[in-house]
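For reference, the structure is listed below as structure tokens.
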Amino acid sequence: MPLTVRRLRALEILDSRGRPTVAVEAELTSGASAWAQVPSGASTGRHEACELRDGDPSRYGGEGVRQAVENVERILGPAVEGMDAADQQALDERLIALDGTAAKSRLGANAILGVSCAVARAASVALGMPLWQHLAGHREPCLPVPMVNIFSGGLHADRSIEFQDYLAIPHGFPTFAAAVEAVVAIHRAAFRQTKAAGYRLTGVADEGGWGPHVASNEHCLELLTAAIEQAGYRPGEQVSIGLDVASSHFFEDGLYRLKTDGRMLDAPGMIETLAEWTDRYPVLSIEDGLHQDDWDGWAALAARLGRRAQILGDDLFTTNMERLERGIRSRAANAVLVKMNQIGTLTETFRATDRAREAGMLAVVSTRSGETEDAFVADLAVASGAGQFKPGSVTRSERLSKFNRLLEIEARSDLPYAGSAVFRRFISG
Ligand code: PGA
Ligand code: ZN
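Residue 639 in our numbering sits at position 328 of the sequence shown, and the numbers go up by one each step.
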């Protein structure tokens with residue numbers, strides 16, 4: 312029985328920063344229907360697909376998304392009515408063609424992604440299948456290792472320090488549930504360590520990590536390593552550290568401006584610093600260590616550290632196939648961060664994770680700093696088989712909705728936890 316799209320509705324809702332975003336409901340002729348909510352970034356890459364905002368200063372400071380909502384209801388909806396909801400590729404191709412621009416700037420990637428996800432979920436409802444299973448197709452799904460934000464800086468914490476994320480990677484556990492328990496203990500221990508070091512903490516940053524005004528960027532690595540130990544885990548063996556440098560956001564006039572540290576570094580200086588820190592701390596993953604358009608610098612960074620750590624491109628690749636292909640050819644990185652709304656459809660998102668696997672690269676499915684209670688991306692992470700997921704921290708319900716969904720999937724399936732096997736190439740080398 313074909314699952315035919317009957318109608319789409321859309322709504323302007325709010326994300327976890329209180330900024331407007333798009334929700335879409337897809338209704339099928341079978342009577343099944345489902346909603347999907349679209350996330351939104353703050354530390355965005357220059358090459359991301361376009362998030363359409365109204366620009367009308369009288370509403371939400373210009374950030375309203377009524378035009379995107381209207382594009383769903385007036386243009387995208389009527390155009391996909393009657394299409395097979397189970398044929399995601401055909402649906403997404405129709406959406407891409409309707410927009411007709413490379414960056415999805417005519418109708419908005421936020422409008423398009425909402426449709427792509429809502430139809431997929433409605434199809435899974437109609438098929439009586441968990442979303443992850445419907446999305447997985449021929450892939451080998453698994454419970455991903457979460458990369459969990461413990462300390463935040465950069466654009467997610469009012470630039471308290473320059474580096475954006477200090478993450479705990481709990482790979483050395485048999486199950487996802489055990490890994491989550493460990494990171495919760497580490498998040499709490501990090502609070503105690505930070506206070507004991509004399510810093511005040513009164514709340515959490517945009518992704519639920521602590522945002523302390525520490526004396527230097529390196530100090531957070533010390534505090535995190537100590538927190539892992541204090542929580543009772545073995546750094547490097549059970550829990551390693553990930554960094555999202557998000558360096559494009561403090562790169563000005565050719566230099567990386569580490570104001571907190573009183574240092575200005577060029578690309579070789581950054582590579583040297585990251586190499587030293589990888590020696591001193593159990594760093595297993597480095598995201599956006601260099602500027603988003605410094606392809607030569609990235610290749611040098613990957614040559615220097617790529618055997619010991621995941622060199623992960625977020626702003627570098629923006630989940631864009633042309634950029635990913637360039638990165639594969641030039642060996643600019645050994646891993647790609649994948650965000651649905653950087654590209655705008657599910658089909659293109661899976662293309663990135665599939666291509667990474669084929670090229671021998673790792674992939675990390677990621678949320679955005681502006682999230683909603685929708686846990687769609689958790690199912691996507693499982694379905695992709697990528698084995699890694701970046702959901703933010705273990706506080707704030709827009710983060711916990713993803714953790715809780717993964718706990719539910721683990722309890723209700725016999726899917727394996729990806730664990731240390733994902734990182735074997737670094738840990739044994
Ligand atoms: P964003 O950043 O969602 O604010 O763009 C997250 C990241 O850089 O990984
Ligand atoms: Zn990033």
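Note that the Cβ used here is the ideal one computed from N, Cα and C, for glycine as well.
Would you identify the three-state DSSP class for V459, choosing helix, strand or coil? Taking the first residue of the sequence shown as position 1, residue 459 is located at position 148. Residue state, collapsed to three classes: strand.
Nearer than 6 Å: is that true of the beta carbon of T355 relative to any heavy atom of ligand 1? Within the sequence shown, residue 355 is the residue found at index 44, counting from 1. The answer is yes for T355.
DSSP state of P331 mapped onto helix, strand, coil: Residue numbering aside, residue 331 sits at position 20 when the sequence shown is read from its first letter. In this structure, P331 counts as strand in the three-state DSSP scheme.
What residues in its chain sit with their C-beta under 6 Å from that of S551, if we drop five residues either side in the sequence? For the purposes of this step, residue 551 is identified with residue 240 of the sequence shown, where counting begins at 1. Closer than 6 Å at Cβ, skipping near neighbours: I480, P593 and L595.
State yes or no: is the C-beta of S559 nearer than 6 Å to some heavy atom of ligand 1? The residue labelled residue 559 in the question sits at position 248 within the sequence shown. False, no ligand heavy atom lies under 6 Å from that Cβ.
Taking Cβ positions, are E257 and F562 nearer each other than 7 Å? For the chain, the structure presents residues 312 to 740; residue 257 sits outside this window and is missing.
Who does G553 pair with in a DSSP beta bridge? The sequence position of residue 553 within the sequence shown is 242, counting from 1. The partner list for G553 (beta bridge, DSSP) reads L478 and S596.
Quick one: Cα of V376 to Cα of A401, how far? Taking the sequence shown and counting its residues from 1, one reaches residue 376 at position 65. Taking the sequence shown and counting its residues from 1, one reaches residue 401 at position 90. For V376 and A401, the distance between alpha carbons rounds to 26 Å.
Beta bridge counterpart(s) of K701 as assigned by DSSP: Working through the sequence shown from its first residue, we reach residue 701 at position 390. Answer by DSSP bridge pairing, in chain order: S677.
E684, buried or exposed, once every other Cβ within 10 Å from all chains shown has been counted against 16: Residue 684 sits at position 373 when you count from the first residue of the sequence shown. With fewer than 16 other Cβ atoms within 10 Å, it is exposed.
According to DSSP, Q348 sits in a beta bridge with which residue or residues? In the sequence shown, counting from the first residue as 1, residue 348 sits at position 37. The partner list for Q348 (beta bridge, DSSP) reads A334.
Since I539 is in the alpha helix (DSSP H), which residue starts that stretch and which ends it? Translated into the one-based positions of the sequence shown, residue 539 becomes position 228. Start and end: N528 to Q541.
If the criterion is Cβ atoms closer than 7 Å, does the pair C428 and A321 meet it? Here residue 428 refers to the residue found at position 117 when the sequence shown is read from its first residue. Here residue 321 refers to the residue found at position 10 when the sequence shown is read from its first residue. It is not a contact, given that the beta carbons lie outside the stated cut-off.
Should G519 be counted as a contact of ligand 1 given a C-beta to heavy atom distance under 6 Å? Counting from 1 along the sequence shown, the entry for residue 519 is found at position 208. False, no ligand heavy atom lies under 6 Å from that Cβ.
Starting from Q504, follow its DSSP beta bridges and name the residues at the other end. Taking the sequence shown and counting its residues from 1, the one referred to as residue 504 is at position 193. Note: Q504 sits in no beta bridge, so no partner.
Going by alpha carbons, who is nearest to F462 out of G547, L442, E682 and A500? For the purposes of this step, residue 462 is taken as the residue at position 151 of the sequence shown. Here the closest residue by C-alpha is A500.
C-alpha distance - A489 paired with G703, whole-angstrom precision: The count along the sequence shown starts at 1 and reaches residue 489 at position 178. The count along the sequence shown starts at 1 and reaches residue 703 at position 392. C-alpha separation (whole angstroms): 18 Å.
Is it the case that the segment 352 to 369 contacts the segment 386 to 399, given that we only count it when at least three CB pairs across the two stretches are under 8 Å? no
Go through its chain and collect everything with a Cβ distance to M394's Cβ below 6 Å, but skip five positions before and after it. What you label residue 394 is simply residue 83 of the sequence shown in a count that begins at 1. The residues are V316 and L402.
Can you list, in chain order, the residues of its chain with a C-beta nearer than 8 Å to that of I324? Leave out the 5 residues immediately preceding and following it. Within the sequence shown, the letter at position 13 stands for residue 324. Cβ within range, chain order: P331, T332, V333, A334, Q348 and T683.
Would G514 be called buried (16 or more neighbouring beta carbons within 10 Å of its own) or exposed? Here residue 514 is taken as the residue at index 203 of the sequence shown, counted from 1. With fewer than 16 Cβ atoms within 10 Å of its Cβ, G514 is classed as exposed.
For D410, is the beta carbon positioned less than 6 Å from some heavy atom of ligand 2? The residue given as residue 410 occupies position 99 in the sequence shown. D410: no, Cβ never under 6 Å from ligand 2.
Given that a residue counts as buried once 16 or more other Cβ atoms are within 10 Å of its Cβ, and exposed if not, what is S471? Residue 471 sits at position 160 when you count from the first residue of the sequence shown. S471 comes out buried.
For a test of your reading of the model: does the CB of S680 fall under 6 Å from any non-hydrogen atom of ligand 1? Yes or no. The sequence position of residue 680 within the sequence shown is 369, counting from 1. At least one heavy atom of ligand 1 is nearer than 6 Å to the Cβ of S680, so yes.
W609 versus S558: straight-line alpha-carbon distance, rounded: Taking the first residue of the sequence shown as 1, we reach residue 609 at position 298. Taking the first residue of the sequence shown as 1, we reach residue 558 at position 247. Computed Cα separation, rounded: 12 Å.
Where does G580 sit, in a helix, a strand or coil, going by DSSP? Along the sequence shown, read from residue 1 onward, the residue named residue 580 stands at position 269. Correct three-state label for G580: helix.
DSSP state of Q400 mapped onto helix, strand, coil: In the sequence shown, counting from the first residue as 1, residue 400 sits at position 89. Reduced to three states, the DSSP call for Q400 is helix.
In the DSSP assignment, find the beta strand (DSSP E) that holds G624 and state where it starts and stops. Position 313 of the sequence shown holds residue 624. Start and end: Q621 to G624.
Within the same chain, show all residues whose beta-carbon is closer than 6 Å to that of I539, passing over the 5 residues directly before and after it, in chain order. To locate residue 539, count along the sequence shown from 1; it is residue 228. So the qualifying residues of the chain are I497, P546 and V550.
In three-state DSSP terms, what is V391? Indexing the sequence shown from 1 puts residue 391 at position 80. In this structure, V391 counts as helix in the three-state DSSP scheme.
Would you decide whether G573 is buried or exposed? Buried here means 16 or more other CB atoms lie within 10 Å of its CB. Sequence index remark: in the sequence shown, residue 573 carries index 262 (1-based). G573 should be labelled exposed.
Distance, G671 Cα to G356 Cα: Here residue 356 refers to the residue found at position 45 when the sequence shown is read from its first residue. Here residue 671 refers to the residue found at position 360 when the sequence shown is read from its first residue. Their Cα atoms are separated by approximately 24 Å.
Opposing strand residues paired with I386 [DSSP bridges]: Here residue 386 is taken as the residue at index 75 of the sequence shown, counted from 1. Per DSSP, none; premise fails for I386.
C-alpha distance - N645 paired with G352, whole-angstrom precision: Here the question's residue 645 lines up with position 334 in the sequence shown. Here the question's residue 352 lines up with position 41 in the sequence shown. Near 23 Å, if we compare the C-alpha coordinates of G352 and N645.
Output needed for G565: all residues of its chain with C-beta closer than 8 Å, excluding positions within five of it in sequence on either side, in chain order. One-based indexing of the sequence shown puts residue 565 at position 254. D577, listed in sequence order.
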